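> A single structure is presented below for examination.
In this note's numbering, the protein residues as written are 35 to 292.
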């Protein structure tokens, strides 16, 4: 239960400390600031700011009881309506952004401020970079040097499933070249349902990064334990060079299989 609630609140944008305070109030009911701080194991001064933030979000309310301010969370039964309301608000914002997006793109193009190289740090940054391989892929084709084992070890399975299904839904075909490992073979078995062709390198050739080539873009993904990072490069010549290397490698694998 706690794990599910923690994920729900985290998805709503709450910090770890805000989540701790919410857990205490959900379980205890009405409490003064010192009690919240003690039970949530938070600094008292910090707790004031946390409760103020939760109040502004509409998750917590306060009441003056004889000159003493006490805080209480929304009732557990109100959590689902709260989530539904936030979902509707996000949908409204999404619709508004869709309306102004074409104009926003024109402004960026006119001012020529779109960076040719972009860096993304951390797992969430990597996920954002992967979105670019789908959203900026007019050719509907993805050429992929993929370190399958590293991806399965570092990225959560739920996100992997989300990504491949979204790519399939967008009709983006993928040709993947991967090291010959157990995870690569497991992944290869789903090629038919995922608009993908996976070709395996000889066992002596291994790598644990990923390079995606699409349109005039190249995405480089490193799944380092200490500093996972993604780099997106927009350059026609670089993309063309890597496409040439990819297709050459693919052709040699075809010959080996013949």
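Built from N, CA and C at the ideal position, the CB exists for glycine as well. All figures in this text were calculated on a predicted structure; none of them were measured in a lab.
Pick out whichever of 171, 247, 288 has its Cα sitting closest to the Cα of residue 275.
Of the listed residues, the one whose Cα sits closest to residue 275 is 247.
> With a threshold of 16 other CB atoms inside 10 Å of the CB of residue 183, please say whether the residue is buried or exposed.
By the 16-neighbour rule on beta-carbons within 10 angstroms, residue 183 is buried.
> Could you pull out every residue in the same chain whose Cβ sits closer than 7 Å to the Cβ of residue 197, ignoring the five residues on either side in sequence?
These residues qualify, in order along the chain: 164.
> Looking at C-beta atoms only, is the number of pairs between the region 224-238 and the region 200-211 that lie closer than 8 Å three or more?
Contact between the region 224-238 and the region 200-211 is present, with at least three C-beta pairs closer than 8 Å.
> Is residue 153 buried or exposed, if buried means 16 or more other CB atoms sit within 10 Å of its CB?
Residue burial annotation: residue 153 is exposed, with fewer than 16 other C-beta atoms found within 10 angstroms of its C-beta.
> I'd like the span of the alpha helix (DSSP H) that includes residue 59, first residue to last.
50-62
> Closest to residue 261 by CA distance: which of 273, 190, 281, 160 is it?
160
> For residue 74, is the classification buried or exposed, using 16 other Cβ atoms within 10 angstroms of its Cβ as the cut-off for buried?
Here residue 74 is buried: its Cβ has 16 or more other Cβ atoms, across all protein chains shown, within 10 Å.
> In the DSSP assignment, find the unbroken beta strand (DSSP E) run with residue 223 in it and report its ends.
Taken as a continuous stretch (DSSP letters only), residue 223 belongs to no beta strand (DSSP E), as it is neither H nor E.
> Using the C-alpha atoms, what's the distance from residue 104 back to residue 191?
42 Å
> Taking three-plus beta-carbon pairs below 8 Å as touching, is the region 252-260 in contact with the region 214-222?
Contact between the region 252-260 and the region 214-222 is absent, because fewer than three Cβ pairs lie under 8 Å.
> Name the residue from 135, 178, 259 whose alpha carbon lies nearest to the alpha carbon of residue 281.
178
> For residue 201, count neighbouring Cβ atoms within 10 angstroms of its own Cβ and tell me buried if that reaches 16, exposed if not.
It counts as buried.
> Using a Cβ distance threshold of 8 Å, determine whether the region 47-62 contacts the region 80-96, with at least three qualifying pairs required.
Using a Cβ-Cβ distance cut-off of 8 Å, the region 47-62 and the region 80-96 are in contact, since at least three pairs of beta carbons, one from each stretch, lie closer than that value.
> Can you look up residue 178 in the DSSP assignment and give me helix, strand or coil?
strand
> Going by the DSSP bridge assignment, what does residue 252 pair with across the sheet?
Under DSSP, residue 252 shares a beta bridge with 247, 267.
> In terms of DSSP beta bridges, what is residue 94 paired with?
107
> Leaving aside the five residues before and after residue 204 along the sequence, list all residues of the same chain whose C-beta is less than 7 Å from its C-beta, in chain order.
168
> In terms of residues, what are the limits of the beta strand (DSSP E) holding residue 155?
151-155
> DSSP three-state label for residue 75, please.
coil
> Please work out which residues of its chain come closer than 8 Å, Cβ to Cβ, to residue 301, disregarding the five sequence neighbours upstream and downstream, and give them in chain order.
A question about residue 301 goes unanswered here, because the residues of the chain that appear run from 35 up to 292.
> Taking residue 43 as the reference, give the member of 99, 123, 113, 126 with the closest Cα.
113
> How many Å lie between residue 51 and residue 65 at the Cα?
16 Å
> Please classify residue 244 as buried or exposed, where buried requires at least 16 other C-beta atoms within 10 Å of its C-beta.
Classification for residue 244: buried.
> Buried or exposed, going by whether 16 or more other CB atoms sit within 10 Å of the CB of residue 185?
So residue 185 counts as buried.
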